[in-house]
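Here the structure comes first, spelled out in structure tokens, and everything after it is commentary.
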Amino acid sequence: MAGLRLAPPSPEMLVSFQGISGSARRSSPQFRVGLTRKRYTNKRGVVSMSLMAEVAEKAAALNAERLARKEGKDLVGKKHPIEPLRSWPVEVVQTKGDILAQYLEKQGCACLRGVLSSETVDKVLNHINEESDRAKVAVSNGSEEFGDRFGGVNCRGINGLFGNRQDFFLSMQEPVVVEGLQEAVKSMAPFLHSLVGHDAMLHEISSIVSDPASPRQCIHADTIHLPCPQYPSVSMPPLYTFFIALQDISDDMGHTTFLPQTHTEQAHLLWNSGPRQKEIFITTCKAEISSLKKGDVAIFDSRLLHAGGANTSNHRRVLFYFTASAGQRWPLPNGLHGSNSVRKADQWNYQLCDLGL
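In this text, residue positions in the sequence shown follow our numbering: the first is 3, and each later residue adds one.
As structure tokens, this is what we get:
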């Protein structure tokens, strides 16, 4: 349309959107190319409405990347030095699983080293690399829907349909996926018993693939805190996400930054109190970075504020992950503000006891 200008959303608008949505990892808009475009005619000619939406979404994505860089450069670690994520060898759970569970409940994040063997890691990594390539072809040729194989992801990168960062869902019909989950659950069994219990539900089974040039993510939480002002009568036990590194992650591949103790009701109220207040709040938070090696796991409460780092290396970074909770179903309709990175056939169909816990 001649003379039409679309004003890009400001970083402040994006902050408000992410604060309300509660899940910037999975609910951010997807900038897609090659879509079928609906057209209408008015006095000024023919306009592609989907093209206008694409332009607006691309502008929003670029603003999100600018906001993420500002957070990383000017806000995170401003008051407190950034520390390594507190970690223990996985063997500690055999005698101190309950103590580690209490630590995680309080801090919101922790690391266990050596949860998966090198052999299992290699098998899972090869599967993700090969299957994600097949899924991209299937989505591109229209034989599968994007949302059936991939999730929305914060700061995915402006690079065609799939971007540089993908949330790629994994299937429980694949033996290698089940094998990886079973080994992880067995390694952490005493800890998981204390943290979520024998019959905890798997809410997510997926992977994060961050290719070179993946931008830094905005600070976000994967789920909202319940109850909250919008939903004062709704509650849900914590969901815990387990990020397992499928390779050594160097500094230039991008570590995950966690803000400990921000999974609380009070922290979420401060985080959602407005753009300027949110920035001030982030500067006052302590920060820890994951620095995972092959087979290590970073564990965090899904309500905890965190962000994936930019991948400035020449290597792909892949995380195999699952999310579990004592809560059997997310209480809001259609997964609203929840953790939804799972194949439809697998959603709410598997508990930790099915994996040997």
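Yeah, the Cβ is synthetic: ideal placement off N, Cα and C, and Gly gets one too.
Here DSSP, grouped into helix, strand and coil, assigns TRP90 to strand. The criterion of a C-beta distance shorter than 7 Å is not satisfied by PRO91 and SER293. Under the DSSP assignment, LEU272 falls in the alpha helix (DSSP H) whose first and last residues are 267-273.
If you draw a straight line from the Cα of CYS111 to the Cα of ALA309, it comes to about 13 Å. By the CB criterion at 7 Å, PRO192 and GLN96 fall inside the cutoff. When DSSP states are grouped into helix, strand and coil, ALA202 belongs to the coil group.
About 5 Å separates the beta carbons of GLY199 and ALA328, which is inside the 8 Å limit, making them a contact pair. By the criterion of a C-beta distance shorter than 7 Å, HIS257 is surrounded in its chain by ILE251, ILE291, SER292, SER293, GLY311, once the five residues flanking it on both sides are discounted. Under the 10 Å beta carbon count, ASP303 is surrounded by 16 or more other beta carbons and is classified as buried. Counting the other Cβ atoms within 10 Å of the Cβ of GLY162 gives fewer than 16, which makes it exposed.
Inclusion of SER235 and GLY159 in the CB contact set at 7 Å is not warranted, their separation being larger than that value.
Under the criterion of beta carbons closer than 8 Å, LEU204 and GLN353 qualify as touching, at roughly 7 Å.
DSSP, reduced to helix, strand and coil, places THR325 within a strand of the structure shown. In this chain, the beta strand (DSSP E) harbouring ILE246 covers 241-247. Annotation: ASP253 to GLU267 spans about 32 Å, alpha carbon to alpha carbon.
Burial check for HIS270: the Cβ neighbour count within 10 Å reaches 16 or more, so the residue is buried. Setting aside the 5 residues that flank it on each side, HIS195 is surrounded in the same chain by GLY99, LEU359, each with a C-beta closer than 8 Å to its C-beta; the list follows chain order. Following the DSSP letters along the chain, one finds HIS308 inside the beta strand (DSSP E) bounded by residues 308-310. Taking a 10 Å sphere around the C-beta of GLU185, we find 16 or more other C-beta atoms and assign the residue as buried.
Assigned with DSSP and collapsed to three states, ALA215 falls in coil, not helix or strand.
Annotation: the continuous beta strand (DSSP E) that includes PHE170 extends over 167-171. Between GLY337 and GLN168, the alpha-carbon positions lie close to 20 Å from each other.
The alpha-carbon of ASN342 is positioned some 26 Å away from that of ALA289.
As for any beta strand (DSSP E) of minimum length 3 sitting wholly inside the stretch 70-150, the runs are 89-91, 111-115, ordered along the chain. If you draw a straight line from the Cα of ASN65 to the Cα of LEU77, it comes to about 17 Å. Following the DSSP letters along the chain, one finds PHE283 inside the alpha helix (DSSP H) bounded by residues 277-286. Here LEU53 is exposed: its Cβ has fewer than 16 other Cβ atoms, across all protein chains shown, within 10 Å.
SER208 sits in a strand when the DSSP states are folded into three classes. Cβ-Cβ distances below 6 Å link VAL123 to LEU248, LYS296, GLY297 in the same chain, with the five nearest sequence neighbours on each side left out; the list follows chain order.
If you draw a 10 Å sphere on the C-beta of CYS220, you find 16 or more other C-beta atoms in it, and that means buried.
The beta carbon of ASN166 is closer than 8 Å to those of ARG158, GLY159, SER212, ASP213, PRO214, ALA215, SER216, PRO217, ASN313 in its chain, skipping five residues each way along the sequence.
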